[in-house]
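K.L.:
The number in our numbering is simply the position in the sequence shown, starting from 1, with 502 added.
First, the structure itself, so that you have it in front of you.
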Amino acid sequence: MKRKDLVRYLLQGGCVLSREGGKYSVFSNPVSNKEVPVTRHTEIADFTVKKICKELGLQPPR
């Protein structure tokens, strides 16, 4: 999945961009109070996308 598509999905799911790190953008879900780093690669593997969504409490995209 493209990173920009994942970021768009996370923002539509209610997550917010907490901060920018050196190699990561950190997104948080205010409902579940969880933070997850998202790498700045143009392409992110599907299993990584599922893990990120699971940690934030979102359904993985189809």
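The C-beta atom is built at its ideal place from N, Cα and C for all residues, glycine as well.
Bear in mind that the values here come from a model prediction, so they are computed numbers and not experimental data.
Sorted by chain position, which residues of the same chain lie with C-beta nearer than 6 Å to Asn531's C-beta, five sequence neighbours on each side aside?
P.N.:
Around Asn531: Cys517, Leu558, Gly559.
K.L.:
Hey, Val540 and Ile554: beta-carbon distance below 9 Å or not?
P.N.:
Contact: yes.
K.L.:
Given this structure, state the Cα-to-Cα distance separating Lys525 from Leu508, to the nearest angstrom.
P.N.:
If I take the Cα positions, the gap works out to 16 Å.
K.L.:
Work out the CA separation of Met503 and Phe549 for me, nearest whole Å.
P.N.:
About 10 Å.
K.L.:
Using only the alpha-carbon positions, how far apart do Arg505 and Arg542 sit?
P.N.:
Answer to the nearest angstrom: the Cα atoms are 7 Å apart.
K.L.:
Tell me the residue span of the alpha helix (DSSP H) that contains Glu557.
P.N.:
Here the alpha helix (DSSP H) through Glu557 covers 548-558.
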